[in-house]
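Have a look at the structure below, then the notes.
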Amino acid sequence: MGTEDTEEAQVKTKKRLTDDEASNAKGDTPKKSSEIKTLMLSSSEIKTLMLSSSEIKTLVLSSMKEDPDDQDFTSERTGVKRKRSKEEASSSSTRKKKKSKNREQGEEPSAAALKDKKSGQERVKEVKREVKKEEEGEPKKMKKSKEQVEEARRLKIKMKEEEEQNRWRWWEEAKYEDGVKWKFLEHKGPYFPPEFESLPANVHFYYNGQVVKLSAAAEEVALFFAQMLDHEYTTKDVFRENFFNDWRKEMTSDERQLIQDLNKCDFGELHAMHKAKVEIRKNMSKEEKLVIKQTNQKMVEEYGFCLLDHHRERIGNFKIEPPGLFRGRGEHPKQGMLKKRIQPEDVIINCSRESKIPEPPAGHRWKEVRHDNTVTWLASWTENIQGSIKYIMLNANSKLKGEKDWEKYEVARKLKACVEGIRRQYTQDLKSKQMGTRQRAVALYFIDKLALRAGNEKEEGETADTVGCCSLRVEHITVHQHLDGSDFVVEFDFLGKDSIRYYNKVPVEKKVFKNVILFMENKNPGDELFDRLNTTLLNKHLSSLMPGLTAKVFRTYNASITLQQQLRRLSNKSDNPAEKLLSYNRANRAVAILCNHQRAPPKTFDQSMANLQAKIVARKEQLALAKTELKQAKKENKAKGDPKLQTLVERKKKAVERCEEQLLKMEVQATDREENKQIALGTSKLNYLDPRISLNYLDPRISVAWCKNMDVPLDKIYNKSQRDKFAWAIDMTEEDFEF
DNA sequence: GACAATACTTAGTATATGACGG
DNA sequence: CCGTCATATACTAAGTATTGTC
0 MGTEDTEEAQ
10 VKTKKRLTDD
20 EASNAKGDTP
30 KKSSEIKTLM
40 LSSSEIKTLM
50 LSSSEIKTLV
60 LSSMKEDPDD
70 QDFTSERTGV
80 KRKRSKEEAS
90 SSSTRKKKKS
100 KNREQGEEPS
110 AAALKDKKSG
120 QERVKEVKRE
130 VKKEEEGEPK
140 KMKKSKEQVE
150 EARRLKIKMK
160 EEEEQNRWRW
170 WEEAKYEDGV
180 KWKFLEHKGP
190 YFPPEFESLP
200 ANVHFYYNGQ
210 VVKLSAAAEE
220 VALFFAQMLD
230 HEYTTKDVFR
240 ENFFNDWRKE
250 MTSDERQLIQ
260 DLNKCDFGEL
270 HAMHKAKVEI
280 RKNMSKEEKL
290 VIKQTNQKMV
300 EEYGFCLLDH
310 HRERIGNFKI
320 EPPGLFRGRG
330 EHPKQGMLKK
340 RIQPEDVIIN
350 CSRESKIPEP
360 PAGHRWKEVR
370 HDNTVTWLAS
380 WTENIQGSIK
390 YIMLNANSKL
400 KGEKDWEKYE
410 VARKLKACVE
420 GIRRQYTQDL
430 KSKQMGTRQR
440 AVALYFIDKL
450 ALRAGNEKEE
460 GETADTVGCC
470 SLRVEHITVH
480 QHLDGSDFVV
490 EFDFLGKDSI
500 RYYNKVPVEK
510 KVFKNVILFM
520 ENKNPGDELF
530 DRLNTTLLNK
540 HLSSLMPGLT
550 AKVFRTYNAS
560 ITLQQQLRRL
570 SNKSDNPAEK
580 LLSYNRANRA
590 VAILCNHQRA
600 PPKTFDQSMA
610 NLQAKIVARK
620 EQLALAKTEL
630 KQAKKENKAK
640 GDPKLQTLVE
650 RKKKAVERCE
660 EQLLKMEVQA
670 TDREENKQIA
680 LGTSKLNYLD
690 PRISLNYLDP
700 RISVAWCKNM
710 DVPLDKIYNK
720 SQRDKFAWAI
730 DMTEEDFEF
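Mapping of the first sequence onto numbering that gives the first Met the number 0: residues 0 to 738, in sequence order.
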């Protein structure tokens with residue numbers, strides 16, 4: 000029901016409230032559109048690993064799972080591991096096992112081996128550099144370069160294999176008992192941002208024209224504001240007021256006495272200093288930048304990983320959020336408030352009882368150290384703006400995140416099996432005598448058909464005024480008996496998550512239409528449309544229809560099923576690679592429209608579009624030239640038959656091919672972007688469709704299977720981190736996979 | 001049963017990175 | 001080799017959903 004409609008891709012207008020009113024143009028759906036992701040992978044794959052001794056140790060440790068006596072693991076932990084290994088052996092028997100064999104042979108990445116690996120990676124880099132030089136160089140050097148290309152390729156493949164071997168294939172292991180997220184967890188604790196350093200003596204703050212030397216606390220907050228001066232944030236009344244209030248709280252009483260009016264504050268020198276610093280950073284020499292890079296890498300090595308059940312896992316956000324001025328989205332009532340510096344005394348650490356407990360920074364202690372293995376976070380603190388809890392958690396490529404993701408798609412697939420029944424039921428419920436049931440039915444209809452979010456209640460005045468399905472108000476809906484040739488049209492206009500506007504005119508079933516009118520009767524614009532319904536009630540009902548079913552599952556289900564259908568409809572095995580990618584991107588776009596995913600347009604959109612067109616023209620010329628050169632070379636070759644000329648012909652041929660390929664690619668890219676813009680501009684002046692975000696809703700196995708079917712290399716579709724994140728799907732998916 | 005607390009996913013924006021053309 | 005630009009990653013706000021508490 001929902002999906003067919005999405006295929007028609009009704010034009011939807013979306014944008015921020017603050018933007019100009021859209022023209023509500025109901026244009027035709029552009030016939031072509033998509034976005035080519037040019038993926039540059041090679042260099043990221045060849046990341047130079049700075050192996051600290053700690054990493055080597057952890058790697059060695061994790062590789063020694065077959066040799067527990069040698070380690071400081073408790074017998075309990077090793078016992079668990081042994082048991083799981085056995086289970087793994089039996090449970091994975093139905094799956095592909097070829098790759099796991101190396102893992103079981105207990106290959107030990109000794110320090111020496113690791114060093115070797117590192118040098119291998121460096122070699123690849125060197126070879127690549129040289130290859131680059133060669134390509135531009137003399138033809139006679141080609142031979143050598145070919146060898147080196149070959150070597151580089153081999154090394155790359157070897158590294159890939161190595162990485163594959165080191166990967167934790169958790170999806171082949173048995174799951175833990177309910178609620179248990181890990182058996183062993185060790186980490187270094189979060190990384191704290193550097194302390195504030197007072198301003199240099201030659202940088203002044205002025206109040207009412209007079210130099211004022213601020214206390215350190217006040218100075219730090221003043222600098223937060225000064226740094227943002229270029230942003231329009233700082234011109235908003237709410238922002239300024241919130242900032243000024245919180246700033247004054249940080250002042251000494253003398254300062255507070257003096258500084259009473261933000262308009263009399265002159266942050267000019269602080270602002271200039273900040274800009275100068277940014278400039279200096281930008282103009283740093285290569286060497287200086289390298290030093291910074293290496294320092295960062297060391298930091299990642301030390302704080303960016305944890306040890307979870309014998310496996311070294313990347314942490315997603317190991318840094319404590321630095322202090323600053325809160326920037327909410329949309330018309331946030333708390334924008335500009337001071338986000339305070341977090342101290343170790345605010346932080347709760349979570350890890351194994353028997354692990355090495357992280358050391359708090361010198362002179363500090365943790366708020367608490369707990370050992371709760373039913374949660375996935377490593378550290379947490381309470382943030383002062385909303386009073387919500389922030390967590391340090393693992394990277395998306397970790398077991399904990401991956402398993403949850405997988406589970407999510409499995410629930411959505413289960414919904415596929417029973418969605419027809421559920422639709423029949425809510426269609427029935429539209430006629431219910433119970434008001435609550437009817438409201439539930441209409442809400443469900445919207446959630447299913449339009450992929451609306453559930454719409455939890457929010458505390459008024461705490462956040463921007465945004466809504467989802469259950470929290471829609473009368474003012475967000477307009478009903479039209481007839482509109483643009485359709486009957487029973489409901490017009491939605493509200494701000495959703497992140498204050499992104501949702502604007503849509505949808506023809507609905509008559510019963511739905513009548514109900515909406517009924518729900519709106521005798522209500523004020525500010526009243527709730529579904530006054531007898533909330534997300535808890537809705538989800539209670541849903542979970543009674545199918546275990547694990549909640550409102551958001553519909554978004555996952557409808558997005559994934561749409562992608563699958565669109566891919567089947569749009570792509571052909573006989574298409575050329577660029578066309579295949581275009582189809583893939585178009586299918587993704589259909590999902591982005593469904594999910595109302597947008598972003599601010601790049602400031603330089605028009606410029607870059609023009610650039611691309613110019614490039615295409617240039618490439619066309621180049622192609623023409625290459626063709627004539629090829630002809631010329633062929634002619635000469637025929638006449639003389641020189642072997643040298645023969646190779647020249649070959650080269651020219653290659654050049655022509657390369658040109659054609661690139662031209663095709665660029666043209667597809669141009670089409671894609673142009674169409675993206677068309678969709679966006681047909682609906683809103685300021686926002687663009689963002690097909691990338693839909694990733695959260697799309698079962699990666701659909702894409703993996705599609706790649707296999709279409710003979711498209713996976714790295715055309717997923718970049719490195721996406722491939723890491725979806726390793727489970729890439730490993731287990733065959734070409735006959737069906738969502 | 002309301003409501004607050006908790007945990008975890010989703011999402012847009014800012015910034016870093018690195019490929020590519022000049 | 002260097003600047004420009006697109007892409008990748010970092011960051012963190014803003015959602016969803018469940019659980020605990022009174």
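No residue lacks a Cβ here, since even glycine has one placed at the ideal position from N, Cα and C.
Beta-carbon proximity of residue i to residue j, cut-off 8 Å
{"i": "Asn587", "j": "Asp671", "result": "no"}
{"i": "Met742", "j": "Asn282", "result": "Outside the shown range of the chain, which is 0 to 738, sits residue 742, and nothing can be said about it."}
{"i": "Leu548", "j": "Leu429", "result": "no"}
{"i": "Leu622", "j": "Glu659", "result": "yes"}
{"i": "Leu593", "j": "Ala558", "result": "yes"}
{"i": "Arg340", "j": "Pro322", "result": "yes"}
{"i": "Phe183", "j": "Asp308", "result": "yes"}
{"i": "Gln334", "j": "Val466", "result": "no"}
{"i": "Phe191", "j": "Pro360", "result": "yes"}
{"i": "Ser470", "j": "Val590", "result": "no"}
{"i": "Val507", "j": "Phe487", "result": "yes"}
{"i": "Asn675", "j": "Leu663", "result": "no"}
In DSSP terms, what residue i is bridged to
{"i": "Asp265", "result": "Tyr205"}
{"i": "Val210", "result": "Tyr205"}
{"i": "Ala378", "result": "Ile348, Ile391"}
{"i": "Gln597", "result": "Leu688"}
{"i": "Leu324", "result": "Leu337"}
{"i": "Ile314", "result": "Leu393"}
{"i": "Phe304", "result": "Arg313"}
{"i": "Arg369", "result": "Asn349"}
{"i": "Glu527", "result": "Arg472"}
Where residue i falls, given that 16 or more other Cβ within 10 Å makes a residue buried
{"i": "His331", "result": "buried"}
{"i": "Arg722", "result": "buried"}
{"i": "Pro699", "result": "buried"}
{"i": "Arg423", "result": "exposed"}
{"i": "Pro343", "result": "buried"}
{"i": "Pro642", "result": "exposed"}
{"i": "Glu649", "result": "exposed"}
{"i": "His230", "result": "exposed"}
{"i": "Glu137", "result": "Because the pLDDT of Glu137 is 40, which lies under 50, any placement of that residue in the model is unreliable, and the question is left without a value."}
{"i": "Arg568", "result": "exposed"}
{"i": "Met298", "result": "exposed"}
{"i": "Ile388", "result": "exposed"}
{"i": "Leu439", "result": "Leu is not the amino acid found at residue 439; the sequence shown has Arg there. Classification for Arg439: buried."}
{"i": "Pro189", "result": "buried"}
{"i": "His186", "result": "buried"}
{"i": "Asp735", "result": "exposed"}
{"i": "Ile279", "result": "exposed"}
{"i": "Ala88", "result": "Legend: pLDDT at Ala88 = 34, less than 50; position of this residue unreliable, value from coordinates given subsequently. That one is exposed."}
Through-space distance from residue j to residue i, alpha-carbon basis
{"i": "Trp727", "j": "Arg166", "result": "10 Å"}
{"i": "Val505", "j": "Glu490", "result": "6 Å"}
{"i": "Ile531", "j": "Cys468", "result": "Note on identity: in this sequence residue 531 is Arg, with Ile being the wrong assignment. Looking at the two C-alpha atoms, the distance is approximately 13 Å."}
{"i": "Ser52", "j": "Gln293", "result": "For Ser52, the predicted model reports a pLDDT of 28, less than 50, meaning its position is unreliable; a value from the coordinates is still stated below. Taking the straight line from one Cα to the other gives about 15 Å."}
{"i": "Ile476", "j": "Trp365", "result": "50 Å"}
{"i": "Met731", "j": "Lys579", "result": "23 Å"}
{"i": "Tyr302", "j": "Pro357", "result": "10 Å"}
{"i": "Asp574", "j": "Thr561", "result": "21 Å"}
{"i": "Glu254", "j": "His540", "result": "57 Å"}
{"i": "Ala271", "j": "Ala221", "result": "13 Å"}
{"i": "Lys212", "j": "Asn383", "result": "27 Å"}
{"i": "Phe266", "j": "Ala215", "result": "15 Å"}
{"i": "Phe604", "j": "Ala617", "result": "20 Å"}
{"i": "Glu219", "j": "Gly329", "result": "26 Å"}
query: Of all the beta strand (DSSP E) runs that stay within the bounds of the stretch 467-523, which reach a length of 3 or more residues?
result: 476-482, 485-494, 500-506
task: Ignoring anything shorter than 4 residues or poking outside the stretch 646-729, list the alpha helix (DSSP H) runs there in chain order.
output: 699-709, 719-724
query: Which residue spans inside the stretch 166-238 form an unbroken alpha helix (DSSP H) run of at least 4?
result: 215-226
Continuous alpha helix (DSSP H) assignments of at least 4 residues falling wholly in the stretch 560-586: Annotation note: the stretch 560-586 contains no uninterrupted alpha helix (DSSP H) run of length 4 or greater.
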